[in-house]
Every structure is written in C-alpha cells, then in structure tokens.
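A.B. asks: Protein sequences appear in the order of chains A and B.
Take the first sequence: its letters are residues 127 to 186, numbered as in the working numbering.
Take the second sequence: its letters are residues 21 to 451, numbered as in the working numbering.
Don't be surprised by glycine CBs; every beta carbon is placed ideally from N, CA and C.
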Amino acid sequence: MKLAGLLVMPAGFFLTIAALVLFPAPAPRAAFVICGLAVEGLGLAVAVRGHMEARGESRP
Amino acid sequence: MIPVPIAPAMPDAIFALTLALLLLAPLTIAGIALINTGLGRSRSAAQSLLGNLAIVAATAIVFAVVGAAWAGTAGFVDHSFQLAGKPWSWLGAGPLLLGGFSTATPQTQLALLFEFLAVALAALIPWGSGADRWRLTAGCASAAVLAAIVFPLLAHWVWGGGWLAQLGVNFGLGAGFQDAGGAATVHMLGGLSALAVVWIAGARTGKFPKEGFSTALPGHNAVYVLFGCLLALVGWLAWNVAGAVIWLHAPPAVLPVTAINTLLSASGALAATFTVTRVRFGKPDASMCANGWLAGLVASTACAGLITPGQALFVGLVTGIATPLLVELMELALSIDDPSGAISVHAVGGLLGLLAVGIFASQPGQLLAQLVGIATLLGVFLPLVYLLFRLLNRVAPFRVDPDGERIGMDLHELGGGAYPDFVIHRDESYR
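1. CA-CA distance, Val254(B) and Ser287(B)?
2. Closer than 8 Å by beta-carbon distance: list the chain A residues that pair up with Thr396(B), in chain order.
3. When the cut-off is 8 Å and only beta carbons count, does Ala104(B) lie next to chain A?
4. Taking 8 Å as the CB-CB cut-off, is Pro136(A) touching chain B?
5. Counting only beta-carbon separations shorter than 8 Å, does Pro403(B) have a partner in chain A?
6. Output, in chain order, the set of chain A residues within a Cβ distance shorter than 8 Å of Phe442(B).
7. Looking at Gly263(B) and Ala292(B), is the spacing between their C-beta atoms short of 8 Å?
8. With which residues is Leu419(B) paired in a DSSP beta bridge?
9. Quick test of your reading: Gly509(B) and Trp147(B), contact by CB under 8 Å. State the CB separation rounded to the nearest angstrom.
10. Cβ of Gly192(B) within 8 Å of Cβ of Ala381(B)?
11. Leaving out the 5 sequence neighbours to the left and right, which residues in its chain are closer than 8 Å to Gly436(B) when beta-carbon positions are compared?
12. Please list the partners that Ala170(A) has in chain B, where partner means a Cβ-to-Cβ separation under 8 Å.
13. Within 8 Å of any Cβ in chain A, is that where the Cβ of Leu391(B) sits?
14. Determine the chain B residues that contact Ala156(A) at a beta-carbon separation under 7 Å, and present them in chain order.
15. Can you check whether the CB of Pro172(B) is closer than 8 Å to the CB of Pro211(B)?
16. Short check: CB of Ala252(B) to CB of Gly51(B), under 8 Å?
17. How is Pro154(A) classed by DSSP in three states: helix, strand or coil?
18. What does DSSP give as the partner residue(s) for Trp108(B) in the beta ladder?
19. Would you mind stating whether Ile81(B) and Ala362(B) have Cβ atoms separated by less than 8 Å?
20. For Phe191(B), which residues in chain A fall below 7 Å Cβ to Cβ?
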C-alpha cells in the first residue's frame, strides 16, 4: 500500500509538467498544477496510511 | 548540451564578504549536529555525534568526485532535451573530480563551496530522525547516495540553470523557481529523506505499544539542543546572506534586511511555539520550542532575501504554530517515530518558506513556479529517495538488531559510551 501511494505521486508530477506544456493560459495551467499537487497529496496519504497499518500489525 | 548562462561578474569586496560568510555557515551544521545528538538518548550520544561527522566527510568526498559535476554551475555545460519547443536542462555535465575548479570564475567557486555545505546539511537532517536505531555504516552509505545522485540532480534543476530555474524564461512564471538558501535543495530534501528513513528503519522499540498512546522517549540533553539552536542562528545568518549574494545576485543594500528577516522569522516561530505549547501543556516545552525556532530558520531560508521584515515575522508565526501541532500529529496519529522532528521542521518549514516566496512576490506567475517546484520535490524526490534507500537497505541494513538497540548504539557500534562517568538510568520501555 505504501509503494502504491509512492507510485501515485510521480503521476501528480507528470500532471504538473503537462500543465506547463499544454496550457499557455494562466487559469487552466494553475488549475492543472493544483490538480497535480492534489494527486501527490492523495498518494502521500495512501503511503502514510500504509505505514500506519504496517505499524499496527507489528506492534509488540 | 547547451552552455549555462554565466552570472554577472562579482566585485572583489563582495567575493571576500561572501567567502567569509561561507566560512561561518558550517556553524549551521554544528548546530544541527548538537540538536540531533541532544534529542537522541544518552546511550547513543557518541554514535550520533560521530555519525554527524562521518556524514559530513562522506558527502564532501562523494560530492567532490561525482556530485559537483552533475550539479553543474554557471559556466559549465549541461544535458538537456527539447519538449514543446523549450530546452529542458536536467543534468549538469561538468568534469569529474572538480576538474577545472581552480580556473573557474570566483562566483562559480563560491557556488560550489555553498553546494558542498548544502549537501552536508541535507544529509545530516535524516540522521536525527533515525536516532537510536540507524546503523552508522548505513547512515554514511545513504549520505553518499544523496551526495552522488539525489542532491546533484535537484541542485542542478534549482541552482545550476536547470529547468526549474528556467521556468520564468521558458514559461513566463515569475523569475523561475526561487530558493536562495536551500529550502528545497537542503531542507525539504532532507526532511523527505528523513520520512523515507523512518518508514524503512521503523520506530524505536517500545515507542508504540499495542495498547494506549505512544511512549514518550525524550531527548537526553536539552542543553545540547538549545545551544545547538543558538549556534544554528549564527550559521543561518551567514548562510542566508551568502545565498542571497550567490543565487539572487542581491545588491549590498539587501543583505542587512536578509539577516534581519532570518532573525525575525526564527523569533516569530519561537514566540508562536512557546505560546502554543504553554496553552496546550500548561508550560512551554523546551524541545518543542527548539523545533519551532529551527523551523522558523528553515522557513526563512527560501524567502529572507525576497520579503519585508513584517512578512518574515508573519512567516515565522505561521511556521511556529504549525510545527508543534505537526510534531504531535506525526507521533500520535500517524505512528511516525521522528526523534528530531526533522520531517515537521525541515520538510514542512521549507515548504512554507517556498510558498511565502510565491505569495509575497511582486512578479506574476511566481506562486505557480513555487508550486511546480514543490510538486517536483513531492512527486519525484520522495519516491526516488525511498526507492534508493530501500535498495540500499538490502545491501547495508538500516536498522540495528534488537540487542544492539537495547544496549545502545554507543556500546554496540563503538564499544564505549559517551558518558562513562555517569550512571545511565534504566529504560522503562524495556521492562
């Protein structure tokens, strides 16, 4: 689950790059950059959740 | 390969001033080393401080051999490709082993010296998070990986004329991604590396029992921690002013304001953390206040040369409120055992500073450039560091064996304790 979250994060980065390349206008470019950051945030949340579950299973 | 634009020539007086500042800047490293040691346990103090020294040495050697070539500086050539009609410079292509360094321009030499200090500090940050269970050899190996691969890549993108620095020229986003002191290249990278280390090495034994709240494992020496904060202030003042000269080409009139902003940001953060911990716990918490002070310094790293004193104070206040709450959240809600609080202090403090550059900038598009830089750190460098450290963990295991953790890293790895004349109290978590 942690790895899945970390794999999602580069997808957010590529969304950000796509925003730079595909949208010259400021508004859609900003919207897509923020979407990219949101995807990265989701990936980080999944990775953190995976860490918490793993810790819960291995507690003494 | 395309040549990187050369920065304007630097007058001799400014060169001498900047060199003097860079010779003071290692006090930042000394401060962080003391903080890392003080926030760990007494049975691991010598191993912790030796680890700080060894990491500085490892990063210096590896960065000199390969890292500096890939980081690239103004005047050297780089690797780039074309996308959407724009050049995307992604890696420096300088000579290995600092070839040509002695004949480089004074500004290039200062930039390289700055990067030597920056990579050492970036690699020290995760060392504090792995305290009491991260093996010395694994810590040095991970520092070498950071100095050889990760830091040069990011330093080139931000400081070496890479694609993040060129966002302004190529896409009209302000002045491009701005990070004069290393909030991204040093602190966010270090903080995210700390998260990767904590995920891989796991929590200290007894930190998270099966039932109830997490166990408090307080640092063993608050005096080290607080004196480290004072040392760090001196280093940080020199660091931020030198960074403003080298990376922003700031005129002399801006330099005193840069120093004042650094102090105000740290002061605002300390005042906020002091207040928050007093309200929450009834008394101010010394180690949390140290974390707040440090987070304020970290936040100032990106923005001290670009904002007004009032804005610096505001940045410090916001950072100082966020830091103790995040440290608690990490430990109590997210099960992240980070003894030095590096993830909250360096990753989040650096992020807030980078955002402040965009929010308070006068140029249109600057905030978007800063967001693209932050997205790059989260989307590329956290997964990259985690992957590299996972691979490294197979070759040089990060975590010490349970017996080593029980007797302490000093006895296990060095054969002797840091305080042989003092009685070390029994650890309640091992009953």
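C.D. replies: Straight from the coordinates:
1. 14 Å
2. Phe139, Thr142
3. yes
4. yes
5. yes
6. Those do not exist, as Phe442(B) stays about 29 Å from chain A at its closest Cβ, beyond 8 Å.
7. Taking 8 Å as the cut-off, the beta carbon of Ala292(B) is found no closer than this to the beta carbon of Gly263(B).
8. The residue asked about is misnamed: residue 419(B) is Arg in this sequence, not Leu. Answer is Trp154(B), bridged to Arg419(B).
9. Given a span of 21 to 451 for chain B in the structure shown, any question on residue 509(B) remains unanswerable.
10. Not in contact: Gly192(B) and Ala381(B) (Cβ atoms no closer than 8 Å).
11. Ala66, Asp430
12. Checking the sequence, you will find Leu at residue 170(A) rather than Ala. By Cβ distance, chain B contributes Leu398, Leu402.
13. yes
14. Within 7 Å Cβ-Cβ: Leu388.
15. According to the sequence displayed, residue 211(B) carries Gly and not Pro. With contacts defined as CB atoms closer than 8 Å, Gly211(B) and Pro172(B) fail to qualify as a contacting pair.
16. yes
17. helix
18. Phe101(B)
19. no
20. Leu146
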